Structure formats: structure tokens, C-alpha cells
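The opening position of the sequence shown corresponds to residue 1 in the UniProt record's numbering, with each subsequent residue numbered one higher. We put the CB at the ideal spot given by N, CA and C, even for glycine. Nothing here was measured: the structure is a model prediction, and the numbers come from that model. Before any comments, here is the structure.
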Amino acid sequence: MQNQSSNQHTEISGIFNNAQNTTVTGGEFNVAGRDMNMYKTYYYLSSDEEKKLKEWLAAPDCSINYATALDKKVAGTGQWILEDATYLKWKKEVEQGSILWIQGKGK
Numbered sequence: 001m002q003n004q005s006s007n008q009h010t011e012i013s014g015i016f017n018n019a020q021n022t023t024v025t026g027g028e029f030n031v032a033g034r035d036m037n038m039y040k041t042y043y044y045l046s047s048d049e050e051k052k053l054k055e056w057l058a059a060p061d062c063s064i065n066y067a068t069a070l071d072k073k074v075a076g077t078g079q080w081i082l083e084d085a086t087y088l089k090w091k092k093e094v095e096q097g098s099i100l101w102i103q104g105k106g107k
């Protein structure tokens, strides 16, 4: 395995034998003994198509769901957690990056 890596390094460095004033920082190099066919297909979008694609990929507006849920909330919902001894202890002693895991209930 070491020998194969060394051979690949030698082959790649041979690409730049006659290069002058050249710096290579990363990249992908393909070395072939003979013919090598590489194809890359690019598809350019019009600005309208790009806008539609970005809108389609964008996250939904969760503020609508939040507002709807807030209107349906029952008074006191979730209050128990704010009064729970484990939560209060964690909040008092909280360190940056700490996590409090609260087991949920399956229905």
C-alpha cells in the first residue's frame, strides 16, 4: 500500500516537471496511461428559473405554524416543565453547552 501511494505521488508530480513559478494547493489530478475521457455537464438556469428553484428548496415559513399553534394553546400548557425540580436545578447550575434531556411520553 505504501508503494502504491508513493508511485501515485511520483506520477502526479511528473505532471509539473517543466512548470515554472507554479504553486498547487489542492485539486484533483487524474493520471492515465493512455486515453482518458472526462465529461462534465453544466446546466445554467435563467434568473427566473434560479429564483423558482431557490423558493422550492427554501425552508417553509414556520411563523405561520407557530402563530396557528399559539392561538390554539391551552393556558398553562408546558408550565410543569418550568416548575420541575430537575429543570430548576439544571437552569441554576447550567454551563455553556450543557443539555437537559427530558423523556417524552409516547401516545
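(request) Can you tell me which of the three DSSP states A58 falls into? (result) Position 58 of the sequence shown, counted from the first residue, corresponds to residue 58. Here A58 sits in coil by DSSP.
(request) Quick one: residues in its chain with C-beta nearer than 7 angstroms to the C-beta of L100, no 5 flanking neighbours on either side, listed in chain order? (result) Start at 1 with the first residue of the sequence shown, and residue 100 comes out as number 100. Answer for L100: Y87, W90, listed in chain order.
(message) For a quick check, are the C-beta atoms of L45 and L53 less than 8 angstroms apart?
(response) Numbered from its first residue, the sequence shown carries residue 45 at position 45. Numbered from its first residue, the sequence shown carries residue 53 at position 53. Cβ distance < 8 angstroms, so L45 and L53 count as in contact.
(message) For a test of the three-state rule: what should DSSP assign to K92, helix, strand or coil?
(response) In the sequence shown, the residue the question calls residue 92 occupies position 92. Residue state, collapsed to three classes: helix.
(request) Take Y39 and list the residues in its own chain whose beta-carbon comes closer than 6 angstroms to its own, dropping the five residues that flank it on each side. (result) For the purposes of this step, residue 39 is identified with residue 39 of the sequence shown, where counting begins at 1. Within the same chain, Y39 has no close Cβ partners at all.
(request) Please check the pair I81 and I102, which I expect to be a contact at CB under 8 angstroms, by giving their CB distance rounded to whole angstroms. (result) Numbered from 1 along the sequence shown, position 81 holds the residue referred to as residue 81. Numbered from 1 along the sequence shown, position 102 holds the residue referred to as residue 102. Yes, I81 and I102 are in contact; Cβ-Cβ is about 7 angstroms, under 8 angstroms.
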